[in-house]
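J.: Protein chains in written order, with the working numbering: chain A, 1 to 484; chain B, 1001 to 1358; chain C, 2001 to 2168.
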Amino acid sequence: MVTSLQAFIGQLLPLYPELVIITIALTVLLLDFFVDRQNKAMLGWYSLIGIVIAASMTIKLSGLAGSFFGGTFLLDPFAAYFKLAFYTACGLGILISMKYLDIEDIHRGEYYALMLFATSGMMLMASAGDLISLYLGLELMALSIYVLAGFMRSDSRSNEAGIKYLLLGAFSSGIMLYGMSLLYGLSGTTNLNGILVFLRGADLANPVLFLSMVMLIVSFGFKVAAVPFHMWVPDVYEGAPTSVTAFMSAGPKVAGFAVLLRIFAHTLLPLQEHSTVILAGIAMITMAVGNIMAIAQTNIKRMLAYSSIAHAGYALVGLAAGGREGAASVMLYVLIYAVMNMGAFGVVIMLRNAGVRGEEITDFSGLGKTNKAAAFLMLIFLFSLTGIPPMAGFIGKFYIFKSAVQAGMVWLAVVGVLFSAISAYFYLRVIMVMYMHEPKEEFNLVQSPALALALAIAVTAVIVIGVYPSGVLEFARASIIGIL
Amino acid sequence: MPDMQQIINFIITIGIPVVVLLSFILANAMYLQLMERKVLAHMQSRLGPMRTGWHGLLQPVADAVKFMFKEDIIPAKADKWVFSLAPLIFLVMAFGAFVAIPFGPDTVIFGRTVHLWVSNLNIGVLYIVALAGIGTYGVIMAGWASNNKYSLMGGFRSAAQMISYEIPMAFAIVTVALMAGSLNLTEIVQAQSQKWFIIVFPVGPVAFFLYLIAGVAETNRAPFDLPEAESELVAGYFTEYSGIRFGIFYMAEYMNMMIVSLLASIMFLGGWMPVQIFPKLLGGIPPISWINTALAAIPPTLWLLAKLYFFIFFYMWIRATLPRYRYDQLMTIAWKILLPISLGTLLVAAFMKQAGWM
Amino acid sequence: MINQLIFAYFAAVIVVSAVLVITRKNPVHSVMFMLLLFFHIAGVFVLLNAEFLAAVQLIVYAGAILILFLFVVILLSVERESQAARANRFWPWLAGFGLIIAGEIALLVLRGSFPGEGKMAVQVAGAGVRDLGVVLYSKFLVPFEISSVILLVGLIGAVMLAKKKTNE
């Protein structure tokens, strides 16, 4: 019995990073009882240690590629790349939360546990080799984030965000399950490789196949907030606690693209002819709606929500372009997007102080005079979101549009560049407000070492990737090997 | 066109068992009421029903006639459909559970091998648990549809109680399924041919104890009879019921008792296996071996029925003995005492099974 | 043939009762139709020889989840709920739109073929609870364990969002 137990534990080796994250989450729940209300940030640091351990394990396990547990769990460079992105998103998310939670008076241990559970769900999504584990990973992530979105129990906007996200998320999960079950009915297997093998020999004109593909696009469109499945985004992003919004604009979106890539660049590759057209169309209207609607926003969280819709559109361009270059550009883009978006939210969080909401764009007026450092950081992140060189955002967009041109979709690239130009209007307006307007009132920016650390990491990443992109791009290119 | 042989076969394999089972259940449901009244009476130094028939033996018949001819009142403000449906759900679920119960091993009657069950389900235990869960609807629907605060309180109490006690009960059942390696009731009995599960130390007695307590609570019997606590809630969820519908609730309660008792006998007391006095230790010594042989000669079905009536007597006994619990105590018992114990039992049982100690 | 007829019956009742669930004015009646729905879904499982799933469907959905629904619904005021609007004034348009999509799906499915019919992800003989357990703990170990974490998160979330505010 002892030997069989040892053998069993040995088998779990590929799962170690996930197990570490889940174990840390469980111990956070336990330790929560022994930590005073004032010292809850300790739990955050503890969670960060767990993330670092898991990251080092993921790097260590990168030599062990293959499929495990009967093909339900995959270890490949692709999964490892995305897991590192999730660690980044979760780590930054925890760092920017600590002070904010104190200010909002919602500092509880469950917050960190749920962040970690959500991260483990994303990791399982990236590693899923089977429709069932894919779906369950997604639900684990989504369920944690529903709760996080409604974390401010006494705030009706937060309640609204939680319930809206839950209802629409459940609805999209239903569509996804329908699509998956059709795929299973067609191929007789839930294994992604098995489905690919089936599709290679199948009659691709079968309308049911088309139907299931459309359903998968629709449901993942919900998860990555692509138009026309984006209705929930502004309300949820606005209502959720800002630190959660930051995390949820980065983590789940990146995870959604991991799954989209895994499915449309690998499993459903034989259907590329059909999927490209749909994805290109969705990419176009997503960019259009996201950028145009963002112009009218006065609330910075809503503006960033529409901006995140627009960015999903750019990433979808790369997905529609397809091929190795397209996939690599999407991977590069979502990583850059995650970092710069979380950075921007980090600055928004600095404005939230006792008594000040700091969510209106007018709240930023005069920030350039009263707090030069914060304004400058915001400037860098907004430049990066606009896509102005030498920030990372430029590099990301550049490779996306380049892959679209290479795939022969010049029109899509042109549309993308046009809408990027439009986006400059609302990003630069915030900068204008910060530097040109007079300060309305005395600012008391929130400062904490954790927040400073997060912003330092984000700004360094944005500039380093912007100046020297080939390192990350090569990493992304090398990671694609696993699936293509 | 099915020929005569098929029709006869159908009647023999399905028709006769169903008819026999139905009459058995109905007769029991009627006479257990009498038994309860008699047992309680004698425990309280009374005589109980004496006038109708010899020692009240015809009392159930008289009661049945009365139920049927009394006016069936549906309160004006009641939800008519739900009100009428509730007792039926309760009854059908109680009836349905009997289908999966094996009353003995295959027996040869009139030269034909007869199965003493209606349906030998592979998932027998789960099926019964599922139906017990649905039975809760009857109670809560009756409580709500009556449009009466006492009924509603009774319905609520009952639903909360049944949901809470289902959990330790299910864990006790899972422990048994683990020990037997099967969910099939016949196989569970056969797995006890060497050793009844109640004497598999240490998990057997604990699981039995859990099941017994949860079983009493599941059937809303004293000392867990808060849903129909007459001193607080008139008659709980069936306060507004009268006539035949009241009779149905009354009968279904006894049928549920029978199901719980039958399951207890099958899962822990070896079902139809005969009682043997230390067969391994003293089995060879003459007077004891004679007794053992004599006990083994009694037909298996009678053994099962004996165990059944033992449990039913036990039920009545505790009703006569124990006072009612308070509601918060009831919940504390389920969630803070029984649930942790049942989880622990399951873990220990799994460990023992894996280590081969069982 | 007879199997298809039975399936057609189950499917029809499932659809009809699902519609009734969302159209009844009385929430308790909605729950009753939901119970009917769950029963017929269990029936479909039995028809597919998945007796274990049928029992679990009844135990978990009907016996536990729906009972708690009923518990909450009963606390609502039926009169007020019955007067509340079930849908906004656009509902005929939306229902028509839904019907069109449903029709399209039906059309596509009718025109398509299912070459994978009869193939199963897991080959299990009979009700095979034992085989099901073996598969769950070997091939599908990871999804199985994830689902336990999902349930834990649900538990934490429910307690977190619903527990009384304490001053600590």
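Just so it is clear, CB atoms sit at the ideal spot from N, CA and C, and this is done for glycine as well. No experiment lies behind these values; they were computed from the predicted model shown.
(1) Taking 7 angstroms as the CB-CB limit, is Val147(A) close to chain C?
(2) Give the single residue among Leu453(A), Ala321(A) and Arg302(A) whose Cα lies nearest to the Cα of His274(A).
(3) Do the region 94-103 of chain A and the region 447-457 of chain A make contact, defined as three or more Cβ pairs closer than 8 angstroms?
(4) Quick check on Val415(A) - is its C-beta less than 7 angstroms from some C-beta in chain C?
(5) Using the beta-carbon count (16 or more within 10 Å), is Gln1006(B) buried or exposed?
(6) Find the nearest neighbour of Val1018(B) within the set Ala1100(B), Phe1208(B) and Tyr1165(B), judged by alpha-carbon distance.
(7) Got a sec: is the Cβ-Cβ distance from Gly2096(C) to anything in chain B below 7 angstroms?
(8) Give the DSSP bridge partners of Val1114(B), in chain order.
(9) Quick one: is Arg302(A) buried, meaning 16 or more other Cβ sit within 10 Å of its Cβ, or exposed?
(10) Starting from the C-beta of Leu64(A), find all residues in its chain whose C-beta is less than 8 angstroms away, skip the five residues before and the five after it, and write them out in chain order.
(11) Are the region 1197-1208 of chain B and the region 1233-1250 of chain B touching by the rule of at least three beta carbon pairs closer than 8 angstroms?
(12) So the candidates are Ala288(A), Glu325(A) and Ala327(A); which of them puts its Cα closest to the Cα of Ser308(A)?
(13) Which stretch, first to last residue, makes up the alpha helix (DSSP H) that contains Ser187(A)?
(14) Compute the beta-carbon to beta-carbon distance between Val1176(B) and Phe1197(B), rounded to the nearest angstrom, for a pair I have assumed lies under 8 angstroms.
(15) Can a CB atom of chain C be found closer than 7 angstroms to the CB of Ala470(A)?
(16) Candidates Ile1140(B), Asn1147(B) and Asn1122(B): which alpha carbon is nearest Arg1157(B)'s?
(17) In the DSSP output, which residue or residues are listed as bridge partners for Ala128(A)?
(18) For a test of the three-state rule: what should DSSP assign to Gly396(A), helix, strand or coil?
(19) Check whether the region 1209-1225 of chain B touches the region 1314-1333 of chain B, taking contact to mean three or more Cβ pairs, one atom from each stretch, closer than 8 angstroms.
(20) Suppose you measure from the CA of Ile431(A) to the CA of Asn206(A); what does that come to, to the nearest Å?
(21) Measuring CB to CB, does Leu2047(C) end up less than 7 angstroms from Ser2017(C)?
(22) Looking only at its chain, what residues have a beta carbon closer than 7 angstroms to the beta carbon of Met141(A), apart from the 5 residues adjacent to it on each side?
(23) Taking 8 angstroms as the cut-off, does the region 2076-2085 of chain C touch the region 2019-2027 of chain C (at least 3 CB pairs, one atom from each stretch)?
(24) Between the alpha carbons of Ser1265(B) and Val1348(B), how many angstroms are there, rounded?
(25) How many Å lie between Gly2096(C) and Leu19(A) at the Cα?
(26) Would you please state the rounded distance, in angstroms, between the beta carbons of Arg157(A) and Glu104(A)? I believe it to be under 8 angstroms.
(27) Against chain C, does Gly70(A) count as a neighbour if the rule is that its beta carbon must be under 7 angstroms from one of theirs?
(28) So Gly318(A) packs on Ile400(A), CB below 8 angstroms; how close in whole Å?
(29) For Leu279(A), collect the residues of the same chain with a Cβ closer than 8 angstroms to its Cβ; drop the 5 residues on either side in sequence, then sort them by chain order.
(30) Which first and last residues belong to the beta strand (DSSP E) in which Ser67(A) is found?
(31) When you compare only the Cα positions, how much space is there between Val415(A) and Ala312(A)?
(32) If you check the beta carbons only, do Met231(A) and Ile175(A) fall under 7 angstroms apart?
(33) Residues in the same chain with beta-carbon distance under 8 angstroms from Leu2076(C), minus the five sequence neighbours each way, listed in chain order, please.
(34) Quick check on Ile195(A) - is its C-beta less than 7 angstroms from some C-beta in chain C?
(35) Please state whether DSSP places Glu1253(B) in a helix, a strand or coil.
(36) Looking at the ligand GDP, does it come within less than 6 angstroms of Tyr1165(B), judged from the CB to the closest heavy atom?
T.: Quick look at the numbers:
(1) Along the first sequence, read from residue 1 onward, the residue named residue 147(A) stands at position 147. For Val147(A), the answer is yes, since a Cβ of chain C falls inside 7 angstroms of its Cβ.
(2) Here residue 274(A) is taken as the residue at index 274 of the first sequence, counted from 1. Among Leu453(A), Ala321(A) and Arg302(A), the Cα nearest to that of His274(A) belongs to Ala321(A).
(3) yes
(4) As a position in the first sequence, residue 415(A) is number 415, starting the count at 1. No, no contact with chain C.
(5) Along the second sequence, one-based indexing puts residue 1006(B) at 6. Label assigned to Gln1006(B): exposed.
(6) For this step, residue 1018(B) is matched to residue 18 along the second sequence. Closest by alpha carbon: Ala1100(B).
(7) Here residue 2096(C) corresponds to residue number 96 of the third sequence, with the count starting at 1. So, not an interface residue.
(8) Residue mapping note: residue 1114(B) aligns to position 114 of the second sequence, counting from 1. Thr1107(B).
(9) What you label residue 302(A) is simply residue 302 of the first sequence in a count that begins at 1. Buried, because 16 or more other Cβ atoms sit within 10 Å of the Cβ of Arg302(A).
(10) Along the first sequence, read from residue 1 onward, the residue named residue 64(A) stands at position 64. Within the same chain, Leu64(A) has close Cβ partners Leu13, Pro14 and Leu75.
(11) no
(12) Within the first sequence, numbered from 1, the residue matching residue 308(A) stands at position 308. Nearest of Ala288(A), Glu325(A) and Ala327(A) to Ser308(A), Cα basis: Ala288(A).
(13) For this step, residue 187(A) is matched to residue 187 along the first sequence. Counting along the chain, the alpha helix (DSSP H) containing Ser187(A) begins and ends at Ser156 to Ser187.
(14) In the second sequence, counting from the first residue as 1, residue 1176(B) sits at position 176. In the second sequence, counting from the first residue as 1, residue 1197(B) sits at position 197. Rounded, the Cβ-Cβ distance is 6 angstroms, consistent with contact.
(15) Locating residue 470(A) in the first sequence gives position 470, where the first residue counts as 1. According to the sequence provided, residue 470(A) is Ser. The question's Ala does not apply to it. False, the Cβ-Cβ gap to chain C never drops below 7 angstroms.
(16) Along the second sequence, one-based indexing puts residue 1157(B) at 157. Per the Cα distances, Ile1140(B).
(17) If you number the first sequence from 1, residue 128(A) lands on position 128. Phe73(A), per the DSSP bridge assignment.
(18) For this step, residue 396(A) is matched to residue 396 along the first sequence. Correct three-state label for Gly396(A): helix.
(19) yes
(20) Sequence index remark: in the first sequence, residue 431(A) carries index 431 (1-based). Sequence index remark: in the first sequence, residue 206(A) carries index 206 (1-based). Cα-Cα distance, rounded: 52 angstroms.
(21) Translated into positions along the third sequence, residue 2047(C) becomes position 47. Translated into positions along the third sequence, residue 2017(C) becomes position 17. No; because the gap between Cβ atoms is not below 7 angstroms, this pair is not in contact.
(22) Residue numbering aside, residue 141(A) sits at position 141 when the first sequence is read from its first letter. These residues qualify, in order along the chain: Ala118, Gly121, Met122, Met125, Pro252 and Ala255.
(23) yes
(24) What you label residue 1265(B) is simply residue 265 of the second sequence in a count that begins at 1. What you label residue 1348(B) is simply residue 348 of the second sequence in a count that begins at 1. Rounded to whole angstroms, Ser1265(B) to Val1348(B) spans 22 angstroms at the Cα level.
(25) On the third sequence, position 96 is the one that residue 2096(C) refers to. On the first sequence, position 19 is the one that residue 19(A) refers to. Roughly 48 angstroms between the two C-alpha positions.
(26) For the purposes of this step, residue 157(A) is taken as the residue at position 157 of the first sequence. For the purposes of this step, residue 104(A) is taken as the residue at position 104 of the first sequence. The Cβ separation is near 12 angstroms, so there is no contact.
(27) As a working note, residue 70(A) is residue 70 in the first sequence. For Gly70(A), the answer is yes, since a Cβ of chain C falls inside 7 angstroms of its Cβ.
(28) For the purposes of this step, residue 318(A) is taken as residue 318 along the first sequence, with counting starting at 1. For the purposes of this step, residue 400(A) is taken as residue 400 along the first sequence, with counting starting at 1. With a Cβ gap of about 4 angstroms, Gly318(A) and Ile400(A) count as contacting.
(29) Position 279 of the first sequence, counting from 1, holds the residue named residue 279(A). So the qualifying residues of the chain are Ile217, Phe264, Leu316, Leu319 and Ala320.
(30) What you label residue 67(A) is simply residue 67 of the first sequence in a count that begins at 1. Run containing Ser67(A): Gly66 to Phe68, per the beta strand (DSSP E) assignment.
(31) Stepping through the first sequence from its first residue, residue 415(A) is reached at position 415. Stepping through the first sequence from its first residue, residue 312(A) is reached at position 312. So the alpha carbons of these two residues sit roughly 14 angstroms apart.
(32) On the first sequence, position 231 is the one that residue 231(A) refers to. On the first sequence, position 175 is the one that residue 175(A) refers to. No, they are not a contact pair.
(33) Start at 1 with the first residue of the third sequence, and residue 2076(C) comes out as number 76. The answer, listed in chain order, is Pro2027.
(34) Residue 195(A) sits at position 195 when you count from the first residue of the first sequence. Chain C, which has no Cβ nearer than 7 angstroms to the Cβ of Ile195(A), makes this no.
(35) Residue mapping note: residue 1253(B) aligns to position 253 of the second sequence, counting from 1. Three-state DSSP puts Glu1253(B) in a helix.
(36) With respect to the ligand GDP, the structure shown offers nothing to examine, as it has no ligands at all.
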